[in-house]
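> Take this structure, written in C-alpha cells, and hold onto it; I'll ask about it next.
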Amino acid sequence: MSGLAAPPQPGKEATATGRNPGAAPGVSPGPARPRRVALLPTAALILGALYCLLPVAWVLVASTKSGADLFSTSTFLPGDGFGDNLADLSAYRDGIYWRWMGNSLFYAGLGAVLSTIVSALAGYALAVYRFPGREAFFNVILTGVLMPPVILAIPQYLLLAQADMTDNRLSVLLPLILSPYGVYLGRIYAEAAIPMELVEAGRMDGAGEWRIFLRIAAPMMSPGLVTIFLFQFVAIWNNFLLPFIMLGDDEKFPMTVGLFTLLKQGAGQPSLYTLVITGALLAIVPLIALFLVIQRFWSLDLLSGAVKS
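Residue numbers (this note's numbering): 111 to 419.
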C-alpha cells in the first residue's frame, strides 16, 4: 500500500504552508503586526499627570523644610524638619488645626451621606415613576448643574440670615444636601441599572414602594451611589466660599477656611508658612485614604453586578 500518503501530523501543515491552522480557509492572516503605541494620547496623559502631581510633590518636599530653609534652598531639595513642623502645627493655638480637621470631616462626611440619600431617592423617583411635570422638574435641576456655586453663595447667605442660622454648622450643611449633579447621576444610573420588570414583580408580590427601593433598587444602584458619595465628599471637603461666608467663629471653620486664615497671618509671620504647607499636606491624606477604601467597594460592586444575569 505504498500509494497511500501518510496522514499529516498536527502542526506540520501549519509549518509547511506558513498559515495558522485556526485561521479560516482561504484567508491568509498575514504576518503578526507589532503593537503601536499611541504617542499623542500617551504624552497628553503624562503631561496631565505631571500637571496634577507636581504641586503635590512640591508640598510634600516643602513640608520637610524649616522656615529658614523654605526660601533659601532648592525647590525640590528635601529637608529634615517635618517632625518639628508637625509638632508646631499641633501646638498652634492649642491644636486648633485638628479641630478644623474634625470640622471638615463632619461637614464632608455627614453632608456627603445626606446628599447621597437625597440623590438616590430623587434619581429613583425620576427614573421609575411617571407624573406630570417630571421632565420639567428634571430640567430645572439640570440648570443647577450649570450654575456656578459662587453665584448661589450670596443668596444662600441672605436666606439663612433671614432665618437667623448664620454662624451655625447647619448653615454649611443645609445648602450642600441637594446636589443637582448627584440627582442627575442618580437618575441616569437608576434608569440603566434597575429593570422595570423587577419593580413590577415586587409590586405584584405585594411589596410596598419603600421596600422595593430598599431591597431591590438601592443594592443595584450601589456603584452609582458610591460615585455620588465620593464626588460630594471631595466637593464639600474642598469647599471654601460657603463656609467662609457663613461662619464667623474660627472654632467652626473647616480645613480650607482655617488654612486660609493661617496663610493671611503668615504675611506678618513668615514662620507660619511652614505650618500652612504641612497642614495642606495633611489635608490630602483623608481624601487619598477615602479613595483607596471606596475604590475596593466600587470594584466589588461592579464585579458582582457583572456576573448577575
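Quick reminder that beta carbons are idealized off the backbone N, C-alpha and C, glycines included. Treat the numbers as computed from the prediction; the structure is a model and nothing was measured.
1) Using the C-alpha atoms, what's the distance from I156 back to C162?
2) Going by DSSP, what residue range makes up the alpha helix (DSSP H) through V247?
3) To the nearest whole angstrom, what separates the beta carbons of L352 and P285, a pair I think is in contact under 8 Å?
4) Can you tell me where the alpha helix (DSSP H) with N195 in it begins and where it stops?
5) Touching or not, the segment 271-283 and the segment 217-235, by the rule of three or more beta carbon pairs under 8 Å?
6) In the structure shown, what three-state DSSP assignment does R240 receive?
7) For R203 and S173, what's the separation of their Cα atoms in angstroms?
8) Is it right to say I264 is buried, meaning 16 or more other beta carbons lie within 10 angstroms of its own, or is it exposed?
9) Taking three-plus beta-carbon pairs below 8 Å as touching, is the segment 318-336 in contact with the segment 227-244?
10) When the Cα of Y217 is compared with those of S381, I346, A148, which residue comes out closest?
11) On the CB-based measure, 16 or more other CB atoms within 10 Å of its CB, does Q379 come out buried or exposed?
12) If you draw a straight line from the C-alpha of G316 to the C-alpha of L335, how long is it?
13) Have a look at G233, D274, V169, I206 and flag the residue whose alpha-carbon is nearest the alpha-carbon of F186.
14) Classify P364: buried if its beta carbon has 16 or more other beta carbons within 10 angstroms, exposed otherwise.
15) Roughly how many angstroms separate the alpha carbons of D179 and G389, rounded to a whole number?
Quick look at the numbers:
1) Against the sequence shown, residue 162 aligns to sequence position 52. Against the sequence shown, residue 156 aligns to sequence position 46. Near 10 Å, if we compare the C-alpha coordinates of I156 and C162.
2) In the sequence shown, residue 247 corresponds to position 137, counting from 1. Before going further, note that residue 247 is Phe rather than Val in the sequence given. Unbroken alpha helix (DSSP H) run through F247: 244-256.
3) Locating residue 352 in the sequence shown gives position 242, where the first residue counts as 1. Locating residue 285 in the sequence shown gives position 175, where the first residue counts as 1. L352 to P285, Cβ: 6 Å. Contact.
4) Here residue 195 corresponds to residue number 85 of the sequence shown, with the count starting at 1. First-last of the alpha helix (DSSP H) with N195: 192-201.
5) yes
6) The residue given as residue 240 occupies position 130 in the sequence shown. Coil.
7) The residue given as residue 203 occupies position 93 in the sequence shown. The residue given as residue 173 occupies position 63 in the sequence shown. In a straight line, the C-alpha of R203 is about 20 Å away from that of S173.
8) Numbered from 1 along the sequence shown, position 154 holds the residue referred to as residue 264. When all chains shown are included, I264 counts as exposed.
9) yes
10) Locating residue 217 in the sequence shown gives position 107, counting from the first residue. The shortest Cα separation from Y217 among S381, I346, A148 belongs to I346.
11) Taking the sequence shown and counting its residues from 1, the one referred to as residue 379 is at position 269. Flag for Q379 reads exposed.
12) Stepping through the sequence shown from its first residue, residue 316 is reached at position 206. Stepping through the sequence shown from its first residue, residue 335 is reached at position 225. When rounded, the distance between both Cα atoms is 27 Å.
13) On the sequence shown, position 76 is the one that residue 186 refers to. Among G233, D274, V169, I206, the Cα nearest to that of F186 belongs to V169.
14) The residue given as residue 364 occupies position 254 in the sequence shown. Classification of P364: buried, given that the 10 Å Cβ count is 16 or more.
15) As a first step, residue 179 is located in the sequence shown; it is residue number 69 there, counting from the start. As a first step, residue 389 is located in the sequence shown; it is residue number 279 there, counting from the start. Distance between the alpha carbons of D179 and G389: 18 Å.
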